[in-house]
Amino acid sequence: MPKLIRITTVPVSMQVLLKGQMKFMQQQGLEVTMISSDGAEVKALEEQEGCRHIAVTLTRKISPLTDLVSLVKLIRLFRKLKPDIVHTHTPKAGLLGMWAALLAGVPVRLHTIAGLPWMESTGLLRNILRIVEKLTAMPACMIYPNSVKLEQFLQKQNIARGKMKVLGKGSSNGINSDYFSNTNELSKEGSRLRDEKKVGRDAWVWIFVGRLVKDKGMGELLEAFVKLQDAYPGDRLWLVGNEEPELDPLEEKHRQILQTNPAIQCWGFQNDIRPYLAAAQVLLFPSYREGFPNVPMQAGSMGCMLLLTDINGCNEIVQHKENGLLVPAKNTAELAAAMLFVRQHSEIRDTYATAIRKKIRQDYDQKNLWNLILNEYHYWLSEKKVTR
């Protein structure tokens, strides 16, 4: 039975972004171990995936001393466990995991890239983060950007040339369209949430799911919604996710909007976002950068219309004015105008919502993607002549 180790910096990445994937690999005959920093999600993650988890301290910040200690721990752990494959996700897990795997003699070393922090960085920090990405690619056997346009960007930056591959049509985990389907039960739960928050029958719920940070376009989102309220004061904005004040804080003026606008509801992180999507009409996703985002696929599969920024990943899911709308990133006026247009033409919302649901079910089926990843594992095990 080949041994596979999957690594992310924090456990919630495996619990949410890669949900079900480790369990599937184990069912296909691989012995799977999950590694990440410790966290409150670990127990639930182990129960969800049916695989053991080992905690190794990994920080998302640049911290050379802590990173060196973590690297040594990973090398020792790999030498003890003797995995055949190490597959990493997220920047810090990728950098340390790939080098530890090489130094420990792991034959198959794979890394998935799902968005690049340095795309929005400037100056010295941008150069450092770009170097980190190149260093991550060096010991890897193969790099998997999770979107075509991300691959094109990486090629232009001369990162991992000759050993990059997009699986299927993109995405890190695909979409379980049966799970993300607006059933009668979920529709009732969505209605209950609307009633609980006293949302009017004709009012719309605009929803955002993700980290409430500047990098996700939260400032533009809040300002655009305030503009929309002039015409539609009964509409609501629901935010499903948490702030990250230490890593990417909101500006004070935007925090004031969050705290004082009664039409904005912050739900915090939710393990099951489906009832909230069932209550909503439109997903707003004004992110500055992405690899291939899961949330738009989930929302589209649930019947929400998608209003996204015209960035990598998002513009592969949505074709502008065919199955949704795209607006420039960091542009409050364009976002507000698009929101008002959709609000005034509800039939367009319905048309786009139907079209995107069909596309997502056709192009991003989860089981198909999982099998493509499994095929990569078997290919590399054969290529490296691993027998177990």
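The opening residue of the sequence shown carries number 64 in my numbering; numbering runs sequentially from there.
Using N, Cα and C, we set each Cβ at its ideal position, and we do this for glycine too.
Helix, strand or coil for residue i? Go by DSSP, reduced to three states.
i	result
Gln328	strand
Ala203	coil
Thr271	Note that residue 271 corresponds to Phe in the displayed sequence, not to Thr. Three-state result, Phe271: strand.
Leu371	strand
Gly387	strand
Met365	coil
Glu286	helix
Val303	strand
Phe355	coil
Arg451	coil
His116	strand
Ser409	helix
Ala343	coil
Ile336	coil
Val105	helix
Leu313	coil
Ile138	helix
Asn190	helix
Asn247	helix
Ile125	coil
Leu159	helix
Ala294	coil
Arg264	coil
Phe435	Residue 435 is actually Leu in this sequence, not Phe. Correct three-state label for Leu435: helix.
Ile222	coil
Gln382	coil
Lys277	helix
Leu179	coil
Pro74	helix
Would you grab the beta carbon distance between residue i and residue j for me? Rounded to a whole angstrom, and I think it's under 8 Å.
i	j	result
Gly237	Leu432	4 Å
Arg123	Lys155	6 Å
Pro359	Phe348	6 Å
Glu307	Gly178	About 15 Å; that fails the 8 Å criterion.
Lys422	Asn386	6 Å
Asn245	Gly366	5 Å
Leu80	Met97	13 Å between Cβ atoms; not a contact.
Asp293	Tyr351	That pair is no contact at about 26 Å.
Ser76	Thr153	6 Å
Give me, in chain order, the residues of the same chain whose beta-carbon lies closer than 7 Å to that of residue i; leave out the 5 immediate sequence neighbours on both sides.
i	result
Lys145	Lys66
Arg172	Val149, Met161, Ala164, Leu165, Pro202, Ala203 and Cys204
Gly304	Val272, Gly273, Arg274, Leu275 and Phe332
Asp101	Ala118
Ile436	Leu230
Leu158	Val195, Leu198 and Thr199
Ala418	Glu385 and Asn386
Please name the residue or residues paired with residue i in a DSSP beta bridge.
i	result
Lys66	Glu94
Asp428	Ile238
Ile173	Note on residue identity: the sequence assigns Leu, not Ile, to residue 173. Bridge partners of Leu173: His150 and Met205.
Phe348	Leu371
Met227	Ile206
Ser99	Ala118
Residues in its own chain within less than 6 Å of residue i by CB, not counting five upstream and five downstream?
i	result
Ile380	Pro359
His112	Here residue 112 is Glu; the residue named in the question, His, does not match the sequence. Around Glu112: Met85 and Lys86.
Met368	Val345, Arg412, Tyr415 and Ala416
Ile70	Ile98, Thr151, Ala156 and Gly160
Ala392	Tyr351, Thr372 and Ile374
Ile320	Leu285
Gly297	Gly263 and Ala266
Glu196	Ile222
Gln361	Phe243
Excluding the five sequence neighbours on either side, which residues of its own chain have a C-beta within less than 8 Å of the C-beta of residue i, listed in chain order?
i	result
Tyr295	Ala266, Trp267 and Arg406
Asn394	Glu283
Glu314	Lys277 and Gly282
His116	Pro74, Thr96, Met97, Ile98, Ser99, Val105, Leu108 and Glu109
### Query
Do the segment 220-233 and the segment 402-419 touch if we need at least three Cβ pairs shorter than 8 Å?
Touching, no, given that fewer than three Cβ pairs across the two stretches are closer than 8 Å.
### Query
Are the segment 248-258 and the segment 328-344 touching, with three or more C-beta to C-beta distances below 8 Å?
Enough Cβ pairs lie closer than 8 Å, so yes.
### Query
Quick one: any contact between the segment 238-245 and the segment 259-271, if contact means 3 or more CB pairs under 8 Å?
Contact between the segment 238-245 and the segment 259-271 is absent: fewer than 3 CB-CB pairs across the two stretches fall below 8 Å.
### Task
Check whether the segment 203-223 touches the segment 383-398, counting contact only when three or more Cβ pairs, one atom from each stretch, lie closer than 8 Å.
The segment 203-223 vs the segment 383-398: no contact.
### Message
Whether or not the segment 131-142 and the segment 397-407 are in contact is what I'm after, with contact meaning three or more pairs of Cβ atoms, one per stretch, closer than 8 Å; do they touch?
### Response
Inter-segment contact for the segment 397-407 and the segment 131-142 is absent: fewer than three beta-carbon pairs are separated by less than 8 Å.
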